[in-house]
Amino acid sequence: MQMSHPLPPAASVRPSLPELFSAFVVVSISGFGGALPWARRKIVEQKHWMTAEEFNEAFALSQFLPGPNVVNFSVVFGSRFGGAPGAAVALAGLMGPPLIIVTVLAFLYARFGDVEMLSRILTGIAAAATGLLMAVVAKMAAPLFRKRWDWAPLIAITAFIAVAIMQWPLPWVFAGLAPVSIALAWMKR
Amino acid sequence: MNDSPLLALFGYFALLSLFAVGGANAAIPEMHRIAVEVMHWMTERQFADSFAIAQISPGPNIIIVTLIGYHVAGLAGAAVATAAMCGPTCVLAFVVARTWDRFKEARWRIAIQSGLVPVSLGLIAASAFVLARSADHNIYAAIITAVTALVGFATRINPLWIFAIGGLMGLSGWL
């Protein structure tokens, strides 16, 4: 059947606007701790709306843009298939359900945040979530630091010190570091 | 300072959204700086709690801005903060998406892309540091963080399990 095709045809299936919306609703609801794996599964493996390469490129672009990656991805993806309405629909699907859920949670926290039991549970979760973020950092750092000592780790360490230790405002740090880092990447070719 | 918290929420988060290379996790230190240190909207504890709630909620982690907004100004605050954090970057994404493919092989594009990687790594590392400072207020919490970091690095276990274990340990009264 379709399995016999060596390569799935590139973007041969075009989603309609309602399909776009419901796909991103599913991605957002199932995406605990990051929606990327779910987005890939839905879009590449189940729906064949993009090939793996197309997905990687769209996602690389979303990561490079500032702001939340998955949110960018929904806009990049939605606009590719449906222009501005497509982007709006995908974004609404991605953000709508979590917004409702989190607003309810925010309301509950405002009322019951002082309850001893709840605050203990949240303390434990915050500690664990912090650890997970450290694991993400380590995974990202590994390839960068392995290459041999060049400019990239130096930039990363400078950004860390400026923001974490010096607590300088992000826009300044970014304005100072990003051009330097891009220039170094340019010269290295 | 500003008499309208909604205006301040919008201004800070709209600006932040344009500098947060690396996504929600890279934006944490700046959110913390603004919400806890500059504007005194929240305590350390409330910030750490908001991070925890955002982590256990489905959907993008950037949803933490919705929690901060709600804390500051109720439903209107939640809506304004979320729109500010997503709006500018969505417009940018929309514009760039239409032109980016044309420059796939361009040298400047490759330079920008690889030049931003170490910057966002540094920012995300700073997030972990800031969060550790507000979440790990005793040695047991720090141990949970350390063990989770090791488990998260070495295995591909579903984060929900880790959160459940962390929550249970918190409930048990150790922390």
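Protein sequence lines, in the order shown, are assigned to chains D and F.
This note's numbering puts the first residue of the first sequence at 1, with every later residue one more than the last.
This note's numbering puts the first residue of the second sequence at 1, with every later residue one more than the last.
Glycine included, C-beta positions come from ideal geometry on N, C-alpha and C.
Rounding to the nearest angstrom, what Cα-Cα distance links residue i and residue j in this structure?
i: Q113(F); j: F64(D); result: 6 Å
i: I62(F); j: A73(F); result: 18 Å
i: A178(D); j: G22(F); result: 13 Å
i: L118(D); j: A156(D); result: 36 Å
i: W174(F); j: Y140(F); result: 7 Å
i: W151(D); j: V136(D); result: 21 Å
i: M1(F); j: W172(D); result: Residue confidence for M1(F) is low, a pLDDT of 46 falling below 50, so the modelled location carries little weight and cannot support an answer.
i: S57(F); j: R146(D); result: 34 Å
i: L154(D); j: A106(D); result: 39 Å
i: P6(D); j: N69(D); result: Annotation note: pLDDT 42 at P6(D) (below 50); position unreliable, coordinate value reported separately. Taking the straight line joining both Cα atoms gives about 31 Å.
i: A106(F); j: W100(F); result: 10 Å
i: L123(F); j: H32(F); result: 13 Å
i: Y109(D); j: G170(F); result: 17 Å
i: M39(F); j: E53(D); result: 44 Å
i: E57(D); j: V115(D); result: 46 Å
i: A96(D); j: F73(D); result: The question names Ala, but residue 96(D) is Gly in the sequence shown. Near 15 Å, if we compare the C-alpha coordinates of F73(D) and G96(D).
i: G113(D); j: G87(F); result: 30 Å
Do residue j and residue i come within 8 Å of each other at the CB atom, strictly closer than that value?
i: L121(F); j: I28(F); result: no
i: E30(F); j: P169(D); result: yes
i: G93(D); j: S28(D); result: yes
i: Y70(F); j: A78(F); result: yes
i: G86(D); j: L144(D); result: no
i: A185(D); j: A111(F); result: yes
i: A76(F); j: L16(F); result: no
i: V119(F); j: A159(D); result: yes
i: I162(F); j: A128(D); result: yes
i: D136(F); j: A142(F); result: yes
i: A14(F); j: V75(D); result: no
i: V55(D); j: R40(D); result: For clarity, residue 55(D) is Phe in the given sequence; the question names Val instead. Result yes, Cβ atoms of F55(D) and R40(D) sit closer than 8 Å.
i: I161(D); j: G115(F); result: no
Nearest CA to the CA of residue i: which residue from the options?
i: I165(F); options: G131(D), K139(D) and L177(D); result: G131(D)
i: V26(D); options: L171(F), L15(F), L7(F) and P60(F); result: P60(F)
i: Q55(F); options: L168(F), P159(F) and L171(F); result: P159(F)
i: L99(D); options: E116(D), E57(D), G113(D) and V71(D); result: V71(D)
i: L150(F); options: M134(D), A39(D) and I165(D); result: M134(D)
i: E37(F); options: P97(D), Q167(D), I43(D) and K188(D); result: Q167(D)
Taking residue i and residue j to be in contact with their CB atoms under 8 Å, please state how far apart those CB atoms are, rounded to whole angstroms.
i: A26(F); j: A20(F); result: 5 Å
i: V80(F); j: L9(F); result: 5 Å
i: T145(F); j: G67(D); result: Incorrect: roughly 27 Å between the Cβ atoms, too far for contact.
i: A24(F); j: V163(D); result: Not confirmed; about 15 Å, so no contact.
i: G167(F); j: I101(D); result: That pair is no contact at about 17 Å.
The segment 13-21 of chain D in contact with the segment 40-58 of chain D per 3-pair CB rule at 8 Å: Counting Cβ pairs under 8 Å, three or more are found: they touch.
Stretch pair the segment 71-89 of chain D + the segment 44-56 of chain F: three plus CB contacts closer than 8 Å: They do not touch, by the three-pair rule.
Cβ pair count under 8 Å reaching 3, the segment 65-72 of chain F against the segment 137-152 of chain D: Taking 8 Å as the limit for Cβ pairs, the verdict is that the segment 137-152 of chain D does not touch the segment 65-72 of chain F.
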